Amino acid sequence: MSFNDNVQLDPSQVQDRRGMGRGAKVGGGIGGGIILLIAVLLGVNPALLEGLTGGAGTAEQNQGTSPACTTGADADARLDCRITGTVNSLNAFWPAYLQDYNVKYPQPETVIFAEAVSTGCGTASSAVGPFYCPNDSTAYFDPGFFQELVDRFGSSGGPLAQEYVVAHEFGHHIQNVLGYLDRAQQDPQGPESGAVRTELQADCYAGLWVKHASTQPGPDGQPFLEPITQQDLNDALSAASAVGDDRIQEAATGRVSPEAWTHGSSEQRQKWFQTGYTTGDINQCDTFSAPSL
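Structure below.
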């Protein structure tokens, strides 16, 4: 989805920690300090992702300023600004939507980083992909992941493919607010596990946001995003499919092992994104009560 050119963005909602200072080296893809992230990563089993993406990075310690993104035209032109614009839209949509359910929306933090970052859940390298840390209520994004999504996982590189990634991580924040997120760690893997149901619900929440995104106004009353097109929808579905456990497992090992799933199959991820998008109803995203995923 493209942004309306003149809509005003609020860059203060995003911290930019790229290149602001270096700390200790972080090995491989996953270290002991970030094991808590396994259940809440975008859609990549970290043990598999290590074999597909780069290795060590360096942890960034200093907090920088947010990206210099002020208009929708910036969001269409630059990936970091597209992340910022999507964050702005999500932070406008969710409090208004949840108000109908008498639920308050505490605005999460958002961090853009490169290579590695220190978080409330430990130190994470870029190899884990985008993630949400419930300990500090922050979503973390390395823009380099979006090219990995295309080059290594075969996703479309369209705008809504990228916006879907951001919306999925904010879906985890909504789960944290509603009390669903810890179910992932209680039942961490398997085709019907709590972890899979948690990830599919976040996909559904991302689709729900897409349903309403083109009518959600910015601070000046103008909608953040232009109306969705079929190509936009195809891009989002491509991204959802690209990060299915079955697809990643087959690429990494040549076989599919459902007993090790943490995020669901490509088909399931598309299905639940579509459920959120077609219904626009959070009640239809109850993956935990669904008899079949």
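Position 48 (the sequence shown) corresponds to 47 in numbering that gives the first Met the number 0; numbering is contiguous. Using N, Cα and C, we set each Cβ at its ideal position, and we do this for glycine too. Here the structure is a predicted model, which is why all the values come from computation and not from measurement.
Bounds of the beta strand (DSSP E) holding T137 are 137-140. Within the same chain, and ignoring the five residues on either side of Q273 in sequence, the residues whose Cβ sits closer than 8 Å to its Cβ are G206, L236. A contact is defined here as three or more CB-CB pairs under 8 Å, and the region 0-16 meets this definition with respect to the region 68-75. Between F144 and G121, the CB-CB gap reaches or exceeds 7 Å. Here the alpha carbon of F140 sits roughly 23 Å from the alpha carbon of G275.
In the DSSP secondary-structure assignment, P216 is bridged to P222. Here R246 is buried, its C-beta having at least 16 other C-beta atoms within 10 Å. In the DSSP assignment, the residues bridged to I111 are D15, F140.
The alpha-carbon of V242 is positioned some 31 Å away from that of Y100. In the DSSP annotation of this structure, the continuous segment of the alpha helix (DSSP H) that includes S237 starts and ends at 229-241. Sixteen is the threshold: since fewer than 16 other Cβ atoms of the shown chains lie within 10 Å of the Cβ of E258, the residue is exposed. Each of D234, S125, A238, A201 was checked against the Cα of N282, and the nearest Cα belongs to A201. A238 places its beta carbon 7 Å or farther from that of S136. Approximately 6 Å separates the beta-carbon atoms of L89 and A166; this is inside 8 Å, confirming the contact.
Partner residues in the beta bridge of Y131, as assigned by DSSP, are A138. In this structure, the beta-carbon distance from D79 to P142 falls below 7 Å. DSSP places T70 outside any beta strand (DSSP E), giving it a letter other than H or E. Around the beta carbon of F287, fewer than 16 other beta carbons sit within 10 angstroms, so the residue counts as exposed. The DSSP-derived three-state label of Q267 is helix. Per the coordinates, the alpha-carbon of Q174 lies some 12 Å from the alpha-carbon of V102. Between Q7 and V86, the C-beta gap is not smaller than 7 Å, which leaves the two residues out of contact.
The closest CA to that of E147, considering only D285, Q188, V164, N134, is found on V164. With distances taken between CA atoms, S240 lies nearest to Q269 out of K210, Q269, D231.
T286 carries a coil assignment under DSSP once its states are collapsed to helix, strand and coil. Judged by DSSP secondary structure, G279 falls outside any alpha helix (DSSP H); it is assigned neither H nor E. Its Cα nearest to that of Q184, the residue T197 stands out among T197, L177, V176. Straight through space, the alpha carbons of P290 and V149 are spaced by roughly 33 Å. Your pair E191 and L97 does not check out as a contact, with CB atoms roughly 28 Å apart and the cut at 8 Å.
Around the CB of D15, 16 or more other CB atoms lie within 10 Å, so the residue is classed as buried.
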